[in-house]
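Counting from 1, one number per residue, gives the positions in the sequence shown under UniProt numbering.
The structure appears right after this line, and notes come after that.
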Amino acid sequence: MPSAADPHARGSGVPDGVALPPDLVEADARLLVDALAARFGWAYAIWDRADAVTALREQQLDEDDDLSDAEWTRAARTPTWAALAPLARHVVQDRDLIGDTLPEAGIACWLCSRRLTAPPGTTGRLCDRCRIGPQGQPAVADPVTEGLYWLSHGILMYAAPRAQDNAPSHKGLPVDVADLDPLATARAREAQAALHAFADPSGEGIRP
Ligand SMILES: [Zn+2]
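Written out as structure tokens, the structure is:
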């Protein structure tokens, strides 16, 4: 039984001033949830009648088999069905997937988890202490790619380039193995060349 403090507690009503259409059908309800999730950035998963029908058809090897309303209601009231969502939530929590969004979003430092408040284009998703170049100089993030080069244990690292879909997906991979977008790759190679030049005392080290 969820407590009042449980942010995931489910209510049975809707907010004041909001009314569900009395003739709302299940398919439209799904679309409504999709629209609300897209609007507010929710990540969610729903298992519904269609999933039960799919399972039935797979078990029976009959692609035309279907559930009656009464059968679907019985399936939805089983203990196993009730355990689906808590189990999924447990997996997300167990893998700390939501925690992983913080460094990806530039809200926490990629290396030390220190809180960041400036945008990724400024921080490169690293705090001031971690954002240092090979000579200890401040490293500057690329405001276009939001990427950042830095040296860690002798390996040139590149953090969080913006992928084609705008989702940063690389966690400080060595540039030799990171599958970066073309612009970021070119810049990373330039930076790596600069790293080699750094062996020359006159070199200026890495600059994005
Ligand atoms: Zn840090």
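Every residue, glycine too, gets a C-beta built ideally from N, C-alpha and C.
Check: R115 (DSSP reduced to helix, strand or coil); Outcome: strand
Check: R114 Cβ short of 7 Å to ligand 1 heavy atom set; Outcome: yes
Check: Endpoints, the alpha helix (DSSP H) within which E71 is located; Outcome: D69 to A76
Check: Candidates T73, A50 and A88: closest to D64 by CA position; Outcome: A50
Check: Distance cut-off 7 Å: R125 Cβ against heavy atoms of ligand 3; Outcome: As far as ligands go, the structure on display features ligand 1 and does not contain ligand 3.
Check: Exposed unless 16 or more other CB atoms sit within 10 angstroms - verdict on A139; Outcome: buried
Check: Sequence-distant residues of its chain with Cβ nearer than 8 Å to T122 (five each side left out); Outcome: A141 and P143
Check: Presumed contact (8 Å Cβ cut-off) between V53 and L67, rounded CB distance; Outcome: 6 Å
Check: With 16 other Cβ atoms within 10 Å as the buried cut-off, status of A108; Outcome: buried
Check: Cβ-heavy atom distance, L61 to ligand 1, below 7 Å; Outcome: no
Check: Through-space distance from A82 to A75, alpha-carbon basis; Outcome: 10 Å
Check: Simplified DSSP state of S108, which is helix, strand or coil; Outcome: In the sequence on display, residue 108 carries Ala and not Ser. Strand, per DSSP.
Check: Contact test: L102 Cβ vs ligand 1 heavy atom, cutoff 7 Å; Outcome: no
Check: Simplified DSSP assignment, three categories, for R131; Outcome: coil
Check: Nearest to P103 (by Cα), restricted to the options T73, P119 and Q93; Outcome: P119
Check: Secondary structure, alpha helix (DSSP H): runs of 4+ residues fully inside the stretch 76 to 106; Outcome: 79 to 94 and 97 to 104
Check: Candidates A43, T101 and R77: closest to A88 by CA position; Outcome: A43
Check: 8 Å Cβ cutoff met for R46 and V25; Outcome: The identity of residue 46 in the sequence shown is Ile, whereas the question assumes Arg. Cβ atoms of I46 and V25: not closer than 8 Å.
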